[in-house]
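Notes to accompany the following structure.
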Amino acid sequence: MKPSPASGDPGAGRTAFVRSVRGVPGTQALARELAAAFGPRAFYALEGDLGAGKTCFVQGLCDGLGIRAAVSSPTFAIANEYRDEAAGRRFLHLDLYRLSGPDELDTIGWDDYLDSGDPMAVEWPDRAAGRLPAGAVRVRISIGPGPDDRTFEITPPDPSAGR
Ligand SMILES: Nc1ncnc2c1ncn2[C@@H]1O[C@H](COP(=O)(O)OP(=O)(O)OP(=O)(O)O)[C@@H](O)[C@H]1O
Ligand SMILES: [Mg+2]
């Protein structure tokens, strides 16, 4: 997979669309919809403040891809791998919030994860600036106006990029 030429900005130059949802079910329904639209090899760069709903969105992605797994925040592990033995597939969920530095990407096997082509979502992707795939779907989540309202700004992958 090609690294993004635009360091850390997987959405550079592409047109985003905006969707507003309410509550966890709204976020998960949108994630299921996007999983169907972008398919089983998509890479999601999930941006948004603490508590924006990134992990909640990943639950919907897994559900939409038919990967039955208990999705939880991988904050302490950095990487969680959800395997659905019945489906024979896995989903990769990374949270880079506590990444000590770019070198740690190599320690956790970042390139192998990318090369696997398995569906993948990364929270705090700015920590991997310059090493995000050009074919990433960028998802920016903002909170409000109400506490359960979320606005999603979704930038589809560059059609000329691999994944
Ligand atoms: N529409 C919504 N979508 C997602 N979460 C919502 C929504 N409304 C309220 N919430 C609440 O916001 C919180 C989102 O938590 P979540 O762990 O998904 O955030 P996060 O972006 O992954 O945070 P972190 O950066 O700490 O990992 C949950 O407590 C959830 O119940
Ligand atoms: Mg999270």
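The numbering of the sequence shown is my numbering, which starts it at 2 and goes up by one.
C-beta atoms are modelled at their ideal positions from N, C-alpha and C, and glycine is treated no differently.
Remember, it's a predicted structure, so these values are computed and weren't measured experimentally.
Can you tell me whether Arg42 is buried or exposed? The criterion is at least 16 other CB atoms within 10 Å of its CB, across all chains shown. It counts as exposed.
CB-CB under 8 angstroms to Gly89, same chain, minus the five flanking residues each way: which ones, in chain order? Once the five neighbours on either side are set aside, Gly89 has no close Cβ partner at all.
Please specify which runs of the alpha helix (DSSP H), each continuous and at least 4 residues long, are wholly inside the region 37-84, giving them in chain order. Correct list: 55-65.
In this structure, how does DSSP classify Pro146 when only helix, strand and coil are distinguished? Of the three classes helix, strand and coil, the one that applies to Pro146 here is coil, per DSSP.
Nearer than 7 angstroms: is that true of the beta carbon of Gly65 relative to any heavy atom of ligand 1? Checking every heavy atom of ligand 1 against the Cβ of Gly65, none is found closer than 7 angstroms.
I'd like the span of the beta strand (DSSP E) that includes Asp96, first residue to last. Bounds of the beta strand (DSSP E) holding Asp96 are 90-96.
Starting from the Cα of Gly147, find the closest Cα among Val22, Thr16, Phe18 and give me that residue. Closest by alpha carbon: Val22.
Measuring CB to CB, does Ile109 end up less than 8 angstroms from Ile79? A contact, by the Cβ cut-off of 8 angstroms.
Does DSSP put Arg99 in a helix, a strand or coil? Look at Arg99 here: in three-state DSSP terms it is coil, with no helix or strand label.
Is the beta carbon of Ala167 less than 8 angstroms from the beta carbon of Ala46? Within the shown structure, residues of the chain are numbered from 2 to 164, placing residue 167 beyond reach of any answer.
Test item, CB below 6 angstroms from any non-hydrogen atom of ligand 2: Of all residues, those with a beta-carbon under 6 angstroms from at least one heavy atom of ligand 2 are Lys55, Thr56, Ser74, Asp96, Glu124, reported in chain order.
Kindly indicate which residue of Glu124, Arg128, Arg84, Ser117 has the alpha-carbon position closest to the one of Ser101. The alpha carbon of Ser101 has as its nearest neighbour, out of Glu124, Arg128, Arg84, Ser117, the alpha carbon of Arg128.
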